[in-house]
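Novice: Before we start, here is the structure in question, set down as structure tokens.
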Amino acid sequence: GAGVSQTPSNKVTEKGKYVELRCDPISGHTALYWYRQSLGQGPEFLIYFQGTGAADDSGLPNDRFFAVRPEGSVSTLKIQRTERGDSAMYLCASSSPGAGIETQYFGPGTRLLVL
Amino acid sequence: AQKVTQAQTEISVVEKEDVTLDCVYETRDTTYYLFWYKQPPSGELVFLIRRNSFDEQNEISGRYSWNFQKSTSSFNFTITASQVVDSAVYFCALSEQNRGNEKLTFGTGTRLTIIP
Chain A
1 GAGVSQTPSN KVTEKGKYVE LRCDPISGHT ALYWYRQSLG QGPEFLIYFQ GTGAADDSGL
61 PNDRFFAVRP EGSVSTLKIQ RTERGDSAMY LCASSSPGAG IETQYFGPGT RLLVL
Chain B
1001 AQKVTQAQTE ISVVEKEDVT LDCVYETRDT TYYLFWYKQP PSGELVFLIR RNSFDEQNEI
1061 SGRYSWNFQK STSSFNFTIT ASQVVDSAVY FCALSEQNRG NEKLTFGTGT RLTIIP
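Those protein sequence lines, which keep their order, are chains A and B. Quick note: the first sequence uses my numbering, first residue 1, plus one each step. Quick note: the second sequence uses my numbering, first residue 1001, plus one each step.
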């Protein structure tokens, strides 16, 4: 089966613009996570969805960041009024429901560059 | 709060040598999972292994082996007979089950270079 897919693979935008990053999880995976990875660092948690609802958005850095998952499958991470500091790799992961902690499978990421 | 430390920023070894990547973690939970992921130059994180806190048995998978020791809060990863294809950044990660949110806390990674 297909893995997690993310589009676009690369996005270049200008400071102040709005961007949307898309994640298509593995079919049947109800849990979806967004992470942000800055250069030379490990990924950092942004937001977690269980089904359609954002169960934990404590990792979003500020109110310019927002994410949705309206039908419980595809998710979109939205960044308003982008800043140069938003430049990073944005990673999406999904996992299947289970009795314990499940393995998260990652997509190839979207590399965002804000000029 | 949970924390993962990978003290080795970069390691270089000659092909066919063995290499061990260190991982030390901190958590207050008694139930947690530890992971290793590989990130090749393409950028995609590739899952390697998951280990739960109740299973301290070491694991071997081909040239890869993992040593989990709760007494020292370590989960080290060894590659034997290294190959050039092993060159990548390796991340250790920790997950606690917190109200169903199994978010991963990653270390800063170890960049491994295998010299042919």
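All residues carry an ideal CB built from backbone N, CA and C; glycine is no exception.
1) Please list, in chain order, all residues of the same chain as B/Phe1054 whose beta carbon is under 8 Å from its beta carbon, the five residues on each side excluded.
2) With burial defined as no fewer than 16 other Cβ atoms inside 10 Å of the residue's Cβ, what is the status of B/Ile1115: buried or exposed?
3) Chain A partners of B/Thr1108, CB-CB under 9 Å?
4) A/Thr103 versus chain B: which residues are under 8 Å apart at the beta carbon?
5) Using 9 Å as the limit for Cβ to Cβ distance, is A/Leu77 near chain B?
6) Mind reading off the beta-carbon distance from B/Thr1078 to B/Ser1065? Whole number of angstroms is fine, and I expect it under 8 Å.
7) Which residue comes first and which comes last in the beta strand (DSSP E) that contains A/Arg36?
8) From the beta carbon of B/Ala1001, is the nearest beta carbon of chain A less than 9 Å away?
9) When you compare the CB of B/Val1024 with every CB in chain A, is at least one pair closer than 9 Å?
10) Among A/Lys11, A/Val4 and A/Met89, which residue has its Cα nearest to the Cα of A/Leu46?
11) With which residues is A/Ser5 paired in a DSSP beta bridge?
12) Contact between the stretch 1006 to 1022 of chain B and the stretch 21 to 34 of chain A: three or more CB pairs below 8 Å?
13) How would you call A/Gln37, buried or exposed, if buried means at least 16 neighbouring beta carbons within 10 angstroms?
14) Which of helix, strand or coil does DSSP assign to A/Asp56?
15) Please confirm whether B/Gly1021 has its beta-carbon closer than 9 Å to some beta-carbon of chain A.
16) Counting only C-beta atoms, is B/Leu1112 closer than 9 Å to chain A at any point?
17) With a threshold of 16 other CB atoms inside 10 Å of the CB of A/Pro43, please say whether the residue is buried or exposed.
18) Nearest to B/Thr1108 by CA position, among B/Gly1043, B/Asp1029, B/Cys1092 and B/Thr1027, is which residue?
19) Can you name the residues that DSSP bridges to B/Tyr1033?
20) Among B/Asn1101, B/Val1004, B/Val1019 and B/Thr1005, whose alpha-carbon lies nearest the alpha-carbon of B/Leu953?
21) So that I know if they touch, is there some Cβ in chain B lying closer than 9 Å to that of A/Asp56?
22) Name the chain B residues whose beta carbon is nearer than 8 Å to that of A/Pro108?
Specialist: For this structure:
1) Thr1031
2) Residue environment for B/Ile1115: exposed (fewer than 16 other C-beta atoms within 10 angstroms of its C-beta).
3) Gly40, Gln41 and Gly42
4) Phe1035, Phe1047 and Arg1050
5) no
6) 5 Å
7) Ala31 to Gln37
8) no
9) no
10) A/Met89
11) A/Asp24
12) no
13) buried
14) strand
15) A small correction: the amino acid at residue 1021 of chain B is Leu; Gly does not occupy that position in the sequence shown. Chain A contact via Cβ: absent.
16) For B/Leu1112, the answer is no, since every Cβ of chain A falls outside 9 Å of its Cβ.
17) buried
18) B/Cys1092
19) Partner(s): B/Asn1052 and B/Ser1095.
20) Residue 953 of chain B lies beyond the stretch modelled for chain B, which goes from 1001 to 1116, so this question has no answer here.
21) yes
22) Ser1042, Gly1043 and Glu1044
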